[in-house]
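See below for the structure under consideration.
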Ligand code: C2O
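In the UniProt record's numbering, the protein residues as written are 25 to 559.
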């Protein structure tokens, strides 16, 4: 194992896309930011110095941070932000994980431009459990906004209105030639006939689940969220904000130029975002004048594709990479995912849109929850998040205005150390049905079941996959349906649980778990680092 040192200088830089220049927040002046490249077992030290006028905080999405929530990064959950002029060093070990993850700002919507790949190579001498690729590429999907992202946030969260949509989708920060004035901002990869390539795909978009395909080429999915999967071949993948997907691509077609394209899966009735980001896969020796062909992407509302694609995702589950699914459950949680309204005198129509779990819309604290927990600071949060909704109702049936009432508060749940937890996330028809990618910090979980309609506790668990369910850190709760996940609460600390659509997070679609310390000397939260930013 090695020690890997990185320096992240948070600085504002003028960047131009679609012939429109604007200052954006960057790491080291780069957009997207630099790739962290480590090996399983390494210790990583990332010194973040903030030279921007915004408060900053960085999350290493999918890194488990065992006993070490201090390095996790969500602002006001595990740390207070790094203020302008200050620095903080994220110091953590990469243990028991290998694959593609990513990092991003975890405060307001700054992750729009502050994000990058986090690649963990297996230990030396340990091969991938799939054919060794000739070369690998990272593809980060994102969004470009002409407007200042902070203004967009204000519009969305204060006025209770959906903010303007982004102006482009991007691949590695580049919209591609389907957008005006963007030919020169096209991401391209060059391949050699007959060789196999590994694409490390990351969805860093703020608000869009995306389909992705490459014209003429199938992809073989081999890993999601840094966990190996049973390989399967597909024409397109579906990837939600927060998720990663590794695919193998064989350069086995007539040498030429082929478009790679990403476009939203639009399941919410209100969304009308069908912008396509395009990059190019080009065979060696083919001239740039050769016109590329576009891939066939699933239709924007193709929920059938979404469901069948997700069903194909299975843990590799070999003796070397076993799926350790909890078979018995100590704690059953059932959270509804929905929207509601609160009165807001300054808002349009006098009401404000809120998003909630079990009808509770989360309010960000002013002291980081982990510090409050560790130092026993009272009055920061309440440990009374209900295990199930106040009154059960027909979640996906005819809308019930009675269930729109939403409470607000910094309310979280407590979980006993090492207990096994099942959490069913149930989408509701409150205001609108929509798919939500839920991310849990500090853990991977197994997706044991999913379905459309209301979860039925008498029937659905019998159909769970407890053998080789996919293991990941972010999962889509389908439109008008439910998803059941299981995990063992063996990582003490305070861990954020939230929808990875920034808009919904901003509306309060989040909460956290306090996982208590275990009895052993090595089962409690580590002491905080000296340079932890003050609150
Ligand atoms: Cu990638 Cu809490 O987020």
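Don't be surprised by glycine CBs; every beta carbon is placed ideally from N, CA and C.
Worksheet item: Near ligand 1, which residues have their beta-carbon closer than 7 Å to a heavy atom?
Response: 83, 85, 98, 128, 130, 266, 463, 465, 520, 522, 524
Worksheet item: Tell me, which residues are paired with residue 56 by DSSP?
Response: Answer is none; residue 56 lacks a bridge partner.
Worksheet item: With which residues is residue 380 paired in a DSSP beta bridge?
Response: 362
Item to complete: Give the secondary structure of residue 531 by DSSP, where H, G and I count as helix, E and B as strand, and everything else as coil.
Response: coil
Worksheet item: Looking at residue 355 and residue 445, is the spacing between their C-beta atoms short of 8 Å?
Response: yes
Fill in: Exposure label - residue 233; buried when at least 16 CB within 10 Å
buried
Worksheet item: In chain order, which continuous runs of the beta strand (DSSP E) of length 3 or greater are located wholly inside the region 219 to 302?
Response: 220 to 227, 234 to 238, 243 to 248, 251 to 258, 260 to 263, 268 to 274, 281 to 288
Worksheet item: Under three-state DSSP, which class holds residue 488?
Response: coil
Item to complete: Please work out which residues of its chain come closer than 8 Å, Cβ to Cβ, to residue 151, disregarding the five sequence neighbours upstream and downstream, and give them in chain order.
Response: none
Worksheet item: What residues match up with residue 447 in a beta bridge as DSSP calls it?
Response: 357, 509
Worksheet item: Around the Cβ of residue 385, are there at least 16 other Cβ atoms within 10 angstroms (buried) or fewer (exposed)?
Response: buried
Practice prompt. Can you grab the Cα-Cα spacing for the pair residue 144 / residue 154, in whole Å?
Written response: 16 Å
Practice prompt. With residue 334 as the anchor, note down where its alpha helix (DSSP H) starts and where it stops.
Written response: 327 to 336
Fill in: Endpoints, beta strand (DSSP E) assigned at residue 521
517 to 523
Practice prompt. Measuring alpha carbon to alpha carbon, tell me which of 211, 402, 64, 317 ends up nearest residue 239.
Written response: 317
Worksheet item: Using DSSP with H/G/I as helix, E/B as strand and the rest coil, what is residue 482?
Response: coil
Worksheet item: Taking the C-alpha atoms as reference points, what is the distance between residue 289 and residue 543?
Response: 46 Å
Item to complete: Leaving aside the five residues before and after residue 459 along the sequence, list all residues of the same chain whose C-beta is less than 7 Å from its C-beta, in chain order.
Response: 233, 291, 500, 501, 502, 503
Worksheet item: Do the CB positions of residue 167 and residue 230 come within less than 8 Å of each other?
Response: yes
Fill in: Local Cβ density within 10 Å of residue 72, reported as buried at 16 or more and exposed below that
buried
Worksheet item: With a cut-off of 8 Å, do at least 3 Cβ pairs link the region 505 to 515 to the region 473 to 492?
Response: yes
Worksheet item: How should residue 248 be labelled, buried or exposed, when 16 other C-beta atoms within 10 angstroms of its C-beta is the threshold for buried?
Response: buried
Worksheet item: For residue 43, which option in 28, 209, 174 has the closest C-alpha, if you only look at C-alpha atoms?
Response: 209
Fill in: Contact the region 483 to 494 vs the region 464 to 474: 3+ CB pairs below 8 Å
yes
Discussion item. Going by the DSSP bridge assignment, what does residue 549 pair with across the sheet?
Written reply: In the DSSP output, where bridge partners are listed per residue, residue 549 has none listed.
Practice prompt. Tell me whether the beta-carbon of residue 452 lies closer than 8 Å to the beta-carbon of residue 362.
Written response: yes
Worksheet item: Taking all protein chains shown into account, do 16 or more other C-beta atoms lie within 10 angstroms of the C-beta of residue 200, making it buried, or fewer, making it exposed?
Response: buried
Fill in: Whether residue 519 touches residue 464 by CB criterion (8 Å)
yes
Worksheet item: Which one of 366, 137, 298 has the shortest CA to CA distance from residue 37?
Response: 137
Fill in: N- and C-terminal bounds of the alpha helix (DSSP H) containing residue 393
393 to 398
Fill in: Run of the beta strand (DSSP E) containing residue 80, from where it starts to where it stops
Element bounds for residue 80: n/a, residue is neither H nor E.
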